[in-house]
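S.K.:
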Amino acid sequence: MLAERMKNLHPYVPGEQPKDRPYIKLNANENPYPPSPQVQKAVVAAAKKQRARLGLYPDPDSLALREAIATMLNETGGVLCRTHTDGGKKNGSGSTCAPDSADRIPFAVTSDMIYCGNGSDEVLSFVFYAFFNSDRPLVLPTFTYSFYPVYAGFYQIPLERVPLNDDWSLNTEAMLSAANAHDTSMIFANPNAPTGRGLTRNQVRALLEKAPRDRVFVVDEAYVDFGGESSIPLLADFPNLVVVRTFSKSMCGAGLRLGYLVASPELINAVTTVKNSLNHFPVDFMAQQAGIASCKDVGYYVACAKAVARERDSFTAFLQEKGWDVIPSKTNFVFAKKMDAALGKPKNGEDMYRAIKAKGILVRHFATSGIEDYLRITIGTPEQMQALRKAMEEL
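The sequence shown runs -7 to 387 under my numbering.
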């Protein structure tokens, strides 16, 4: 009874969402901090004062939200952990922001360069449909966001997987060679997941300069706010670039389901056409209110991103001291394996994951060959990370 295309579907498997007991949840790269207090106020006010709007369809183009995102990007340069604030504000809320000189965007991001969707996963789905062809392989790293192969199967797009370098960085030369050999597109997360390593903006520029100019080049910046370098400034020179972003990580909004693109108006219009052919109203009214309020209080999220980055660096030092091999991370997680000094090899990753889970803490283990001994550990609050430190010392 099923369509033949169902044979190509291999669904994405998210981090555990157990209900058997309360866990410290460090397995899904969620932000440990709640959204800005201004978000709560905006949602409550909308529910009270605009209750009738819940019975109506929302703005299908999310115009006010797109305008708010554009303003936020211009104020921060697209990297929150390096954004400068005037300080003196409780939890950063209400702070005035300015981008670091290294992140300043050399043009004004405008609303027609923004597309909003129901989480970056839906946004990515529309990107795959709009820009990638079934007659040539899409180039991507061997280890990267595991939803990319899912969408490739969904849209019957062949893949050209390029192994990472020995230090877990992207093999840009091999990816570029594959893209040019097939005259095709390329997609990768920067910083990458699950490894946490990132390319500099100049490295991305070097790729774009030599990649096919008539093929769309996609950079997924889900984690860039924690220490990476955004590719948004490169849009001034490369109209074939598409940057994917999300509210789920640095904007403390995984439950909101808000994702967005930054690209040329021409490419934004193409994705909008796909959206209007499938789901005319992907971002609901309350999510739009929450997103707008988040962007208007971006100083709060700057403080959160800085706190996560500090805790990540502190936890990395702890792991290294305890004999873990940790890949340098520019994200809100670390990717690490425990070395057995006596045997000179890693301990079994699944065993380590289960031992930590038994202590009431969830981290992420991948059974994928090549990374099966690693754990991906989301950075939580200082209190959560202290509990994890204690559990690890007791193993």
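Where a beta carbon is used, it is the ideal one built from N, C-alpha and C, also for glycine.
Per DSSP, what kind of secondary structure is Met(-7) in: helix, strand or coil?
M.R.: coil
S.K.: Would Leu46 be called buried (16 or more neighbouring beta carbons within 10 Å of its own) or exposed?
M.R.: exposed
S.K.: Straight-line CA distance for Ile319 to Met167?
M.R.: 21 Å
S.K.: Note the first and the last residue of the continuous alpha helix (DSSP H) segment covering Thr164.
M.R.: 164 to 174
S.K.: Skipping 5 residues on each side, what residues in its chain have a beta carbon closer than 6 Å to that of Lys17?
M.R.: In the same chain as Lys17, and ignoring 5 residues on each side of it, the C-beta atoms closer than 6 Å to its own belong to Leu354, in chain order.
S.K.: Name the two residues that bound the continuous alpha helix (DSSP H) containing Lys41.
M.R.: 29 to 41
S.K.: Quick check: does the Cβ of Met178 come within less than 7 Å of any heavy atom belonging to the ligand MN?
M.R.: In the structure shown, the ligand MN is absent, as is every other ligand, since no ligand is present at all.
S.K.: Hey, out of Gly79, Ala299, Leu199, Gly251, whose CA is closest to Ser54's CA?
M.R.: Gly251
S.K.: Which residue marks the beginning of the beta strand (DSSP E) containing Leu130, and which one marks its end?
M.R.: 130 to 133
S.K.: Which same chain residues, not among the five before or five after Gln148, have their C-beta less than 8 Å away from its C-beta?
M.R.: Arg(-3), Asn0, Ser126
S.K.: For Met344, I'd like the list of residues in its chain whose CB is within less than 7 Å of its CB, leaving aside the five on either flank, ordered along the chain.
M.R.: Lys330, Leu367
S.K.: By the DSSP assignment, the alpha helix (DSSP H) with Gly291 in it spans what residues?
M.R.: 290 to 313
S.K.: Please classify Phe99 as buried or exposed, where buried requires at least 16 other C-beta atoms within 10 Å of its C-beta.
M.R.: Exposed is the call here.
S.K.: Please name the residue, chosen from Ala282, Leu270, Gly188, Gly220, that lies closest to Ala39 on a Cα-to-Cα basis.
M.R.: Ala282
S.K.: So what does DSSP say about Lys17, is it helix, strand or coil?
M.R.: strand
S.K.: Please classify Ile260: does DSSP put it in a helix, a strand, or coil?
M.R.: Helix at Ile260.
S.K.: Rounded to the nearest angstrom, what separates Leu191 and Arg356 at their Cα positions?
M.R.: When rounded, the distance between both Cα atoms is 24 Å.
S.K.: Hey, quick one: how far does the beta strand (DSSP E) through Ile348 stretch, first residue to last?
M.R.: Element bounds for Ile348: not the beta strand (DSSP E) but the alpha helix (DSSP H), 341 to 350.
S.K.: State buried or exposed for Gln42, treating a residue as buried only when at least 16 other CB atoms are found within 10 Å of its CB.
M.R.: Exposed, because fewer than 16 other Cβ atoms sit within 10 Å of the Cβ of Gln42.
S.K.: Can you give me the Cβ contacts of Phe327 inside the same chain, cut-off strictly under 6 Å, excluding the 5 residues immediately before and after it?
M.R.: Pro186, Thr187, Gly188, Ile319, Tyr366, Arg368
S.K.: Identify the residues that DSSP records as bridge partners of Tyr107: which are they?
M.R.: Leu253
S.K.: Quick one, are the C-beta atoms of Val211 and Val235 less than 8 Å apart?
M.R.: yes
S.K.: Would you mind reading off the limits of the alpha helix (DSSP H) that contains Ala60?
M.R.: 55 to 68
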